[in-house]
Amino acid sequence: MNKNIMRYIVIILLSSFLISCGNKDQKTDTSEATSESNVAQLNPQQKKNIGLQLGKLTPKNVSSILKLSGQIDVPPQNMISISIPLGGFLKSTQLLPGMHVRKGQFLAALEDQQYILLQQNYLTTKVKLKQAEADYKRQKALNANQASSDKIFQQASADYETLKIQLSSLAQELRLININANNLSGENITTSIHIISPIDGYVTKVNANIGKHVDTNEILFELVNPDDLHLALTVFEKDAIQLKIGQKLIAYSNDQPDKKYDCEILLIGKDFGADRSILVHCHFENEKETRGLIPGMFMNAEVEIQSGNTPCIPEDAVVNYQGKDFVFVAKDASHFEMIGVKTGSTEKGYTAIQNADSLLQKDIVIHGAYDLLMRLKNTEE
Numbered sequence: 392m393n394k395n396i397m398r399y400i401v402i403i404l405l406s407s408f409l410i411s412c413g414n415k416d417q418k419t420d421t422s423e424a425t426s427e428s429n430v431a432q433l434n435p436q437q438k439k440n441i442g443l444q445l446g447k448l449t450p451k452n453v454s455s456i457l458k459l460s461g462q463i464d465v466p467p468q469n470m471i472s473i474s475i476p477l478g479g480f481l482k483s484t485q486l487l488p489g490m491h492v493r494k495g496q497f498l499a500a501l502e503d504q505q506y507i508l509l510q511q512n513y514l515t516t517k518v519k520l521k522q523a524e525a526d527y528k529r530q531k532a533l534n535a536n537q538a539s540s541d542k543i544f545q546q547a548s549a550d551y552e553t554l555k556i557q558l559s560s561l562a563q564e565l566r567l568i569n570i571n572a573n574n575l576s577g578e579n580i581t582t583s584i585h586i587i588s589p590i591d592g593y594v595t596k597v598n599a600n601i602g603k604h605v606d607t608n609e610i611l612f613e614l615v616n617p618d619d620l621h622l623a624l625t626v627f628e629k630d631a632i633q634l635k636i637g638q639k640l641i642a643y644s645n646d647q648p649d650k651k652y653d654c655e656i657l658l659i660g661k662d663f664g665a666d667r668s669i670l671v672h673c674h675f676e677n678e679k680e681t682r683g684l685i686p687g688m689f690m691n692a693e694v695e696i697q698s699g700n701t702p703c704i705p706e707d708a709v710v711n712y713q714g715k716d717f718v719f720v721a722k723d724a725s726h727f728e729m730i731g732v733k734t735g736s737t738e739k740g741y742t743a744i745q746n747a748d749s750l751l752q753k754d755i756v757i758h759g760a761y762d763l764l765m766r767l768k769n770t771e772e
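Its first residue numbered 392, the sequence shown is counted upward by one per residue in my numbering.
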């Protein structure tokens, strides 16, 4: 009985050993199959049939695309903040953000007691000046005939000049609140003043409501004149050295990526921010096409950058499979391995290879790569 038991044990051990060996062989075969799945094999006749040719990476001057972002901007002289030199209560306005206004157009009316007092001071000073002028002329004539002392004449002259200065100063204060002193009289003193638009443009902000008291340091409205729109791009230090004034680029918005705007670099900032970026200002070459653009709108831009001595391969050498790019590298005279590559731009029939270090001095299939791909993948199926 012990012999039978031993016989069974030996059989079980032998079976386990054989199964284990079989599994190892199977794993080895699978591994080999995996490594060979990217290798195409051709005999001399097959290579001749597809016209297979080999070549190496060649350094060439090709361009690359630098992608940037920024926003629509206008020069400072086209952005207007409307405030009032003398505070007051907002009496009326019909402005809304986005509304178009013309230069000289009424924007709002404000009223305050100090406006009345300023007009009153001007008119009373004007009356005093008229009286002082008459006294000055009389004292001048008397002094010429030695009928009055020099002191009296000098005082009359000083009073006259002082009032002229005061009247001129008050007239300028009135001008600041859009009241023409030349047209002011005791019959047309007004309790309110009008704010007039200084530009043709659009309302971007309305910061006050009817009845609110507005101080001299408060901004009532903000206007923008979009006639001189430009593109302000944020460029980081590593990319800024590749840009120069006069360089061409194209810009487009996120909403309309197919609508391209031709631009030219006008100014390059000289002061890096905390994030090591600068502003690059670009001019739109066709201003008529920018009418749909709004200050503050975000934009994308693409600049063509020339790169010297970039490793390149004829574009026919690169094949695309399942969204990825590959080339075939000769392992020997009859075996060609498909290797993934990261491609750059294509120019004049050559494609830049960005991860070229492992391919330098390698023989690469430059004609017949697509045939190899079809043969390789059809064989797998």
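Think of the CB as a built atom: it goes at the ideal place given N, C-alpha and C, for glycine as much as any other residue. Only a predicted model underlies this, so the values are computations on that prediction, with no experimental measurement involved.
Among the options, nearest to residue i - alpha-carbon criterion
i	options	result
Asp503	Gln485, Phe719, Glu524 and Gly479	Gly479
Leu364	Val453, Thr607 and Gly731	Because the chain in this structure spans residues 392 to 772, residue 364 falls outside the shown range and cannot be described.
Asn700	Val709, Ile730, Asn645 and Thr449	Thr449
Ser588	Ser472, Cys673 and Asn600	Ser472
His724	Ser428, Leu443 and Asp591	According to the sequence shown, residue 724 is Ala rather than His. When only C-alpha atoms are compared, the closest one is Leu443.
Tyr712	Leu767, Leu567, Gln697 and Asp666	Leu767
Pro705	Asn573, Ile610, Lys528 and Tyr761	Tyr761
Glu609	Asp618, Val597, Asp619 and Glu564	Val597
Helix, strand or coil at residue i according to DSSP, with G and I counted as helix
i	result
Met470	strand
Val605	strand
Ser749	helix
Pro705	strand
Phe663	coil
Asn452	strand
Glu676	coil
Thr444	In the sequence as presented, Thr is not what sits at residue 444; that position holds Gln. Correct three-state label for Gln444: strand.
Ser583	strand
Asn645	coil
Val430	strand
Asn569	coil
Asn536	coil
Residue i - partner residues in DSSP beta bridges
i	result
Lys458	Glu693
Thr625	Ser460 and Leu670
Lys639	Glu655
Asp716	Asn711 and Val732
Thr737	Thr742
Ala721	Phe727
Lys596	Glu613
Val756	Leu445
Val465	Val465 is not bridged to any residue.
Leu481	Leu501
Val492	Gly592
Exposure of residue i, with buried meaning 16 or more beta-carbon neighbours within 10 Å
i	result
Met765	exposed
Lys438	buried
Glu628	exposed
Phe689	exposed
Gly461	buried
Gly759	buried
Val756	buried
Val518	exposed
Asn536	exposed
Glu578	exposed
Ile410	In this prediction, Ile410 scores a pLDDT of 47, lower than 50, which makes its location untrustworthy; no coordinate-derived value is stated.
Gln728	Before going further, note that residue 728 is Glu rather than Gln in the sequence given. Buried: at least 16 other Cβ atoms inside 10 Å.
Ala599	buried
Gln511	exposed
Asn616	buried
Length of the line joining the Cα atoms of residue i and residue j
i	j	result
Leu622	Lys651	13 Å
Gly602	Leu498	15 Å
Val694	Lys635	11 Å
Ser422	Leu750	The predicted model places Ser422 with a pLDDT of 33, which falls under 50 and marks its position as unreliable, so this point remains unresolved.
Ala806	Ala549	The requested residue 806 does not occur in the structure, where the chain is confined to residues 392 to 772.
Tyr513	Gln546	22 Å
Glu655	Ser455	18 Å
Val626	Asp464	15 Å
Ser583	Tyr506	7 Å
Asp707	Thr737	11 Å
Lys753	Asn677	48 Å
Thr484	Pro686	24 Å
Arg664	Ile441	Here the sequence assigns Gly to residue 664, which means Arg is not the residue at that position. Cα to Cα, Gly664 sits roughly 57 Å from Ile441.
Leu561	Ala525	21 Å
Asp544	Ser559	Before going on, a small fix: residue 544 reads as Phe here, not Asp. Cα to Cα, the separation comes out at about 23 Å.
Arg787	Leu624	Past the boundaries of the shown model lies residue 787; the chain is included only from 392 to 772, so the question cannot be answered.
Gln745	Cys703	9 Å
Asp666	Val453	30 Å
Residue i CB to nearest heavy atom of the ligand MG below 8 Å
i	result
Met729	The model depicted lacks the ligand MG and carries no ligand whatsoever.
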